[in-house]
Amino acid sequence: MLNDTTELVKYSKPRGTIDRQDYITDQLVNILYSSPKAFVYILKLACSNAFNLSDKDVHCIINDVTERVEPAELQLLLDNVDDSAMIELKQRPEVSSEVMDLIEDDGFQLAVLLARHVYGDMSETNQDIVLQNEYAVKIGSGIFATSFNLGNISVRVSTQLPSYKTAIELN
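Using our numbering, read the sequence shown as starting at 119 and increasing by one per residue.
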């Protein structure tokens, strides 16, 4: 589970534009299918004003998601979602300067990467790494790593067990 320090970070650069709403909606719909837990977590962050969204922006995003995903399908995907994490973040992750250059400074993309990692979304991770992840979690030692695409660039999020040191870097 993401720790309180991570949850309470207020990101900079409020941008309540339609383009940003569309981008956030696209990202939420994309992660809904691969990681419903990450979807719920990011939606909670959006509602908590972590991304400096107005109530109107949040309502527009929620409406857009429900227009793009059939209610029955949304219900099916979210029925059994709990907040149990695959791995914990116990300290702030180290983010490489190359990754910082890629992501927006509003914190949304970083939050999505971390949420998908924490909740075990391995949909874009090499199958050999997935098997290594399962073993590392089982024994509580090793590296738990996930990969995600930002456009045409692959980003790796890795957590060293048992120290829980997390790094985000280009893959």
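Cβ atoms here follow ideal geometry from the backbone N, Cα and C, with glycine treated the same way.
- Excluding sequence positions up to five before and after ASP200, its CB lies within less than 8 Å of the CB of LYS155, all in the same chain and listed in chain order.
- Excluding its 5 nearest sequence neighbours in each direction, ARG234 has C-beta neighbours in its own chain below 7 Å: ILE149, SER153, ALA156, THR264 and PHE266, listed in chain order.
- Rounded to the nearest angstrom, the Cβ distance from ASP182 to THR143 is 4 Å, consistent with a contact under 8 Å.
- Counting along the chain, the unbroken beta strand (DSSP E) around VAL275 starts and ends at 271-279.
- DSSP assignment within the region 217-252 yields the following whole alpha helix (DSSP H) runs of 4 residues or more, N-terminal first: 226-236.
- Nearest to ASP239 by C-alpha distance, out of TYR282, ILE205, ILE180 and CYS178, is ILE205.
- Taking 4 residues as the shortest admissible run, the region 125-187 contains the following complete alpha helix (DSSP H) segments, listed from N- to C-terminal end: 136-152, 154-165 and 173-186.
- With contacts defined by Cβ atoms closer than 8 Å, SER272 and ASN289 form a contacting pair.
- In the DSSP assignment, ASN267 forms a beta bridge with SER272.
- Between VAL275 and ILE257, the gap from beta carbon to beta carbon reaches 8 Å or more.
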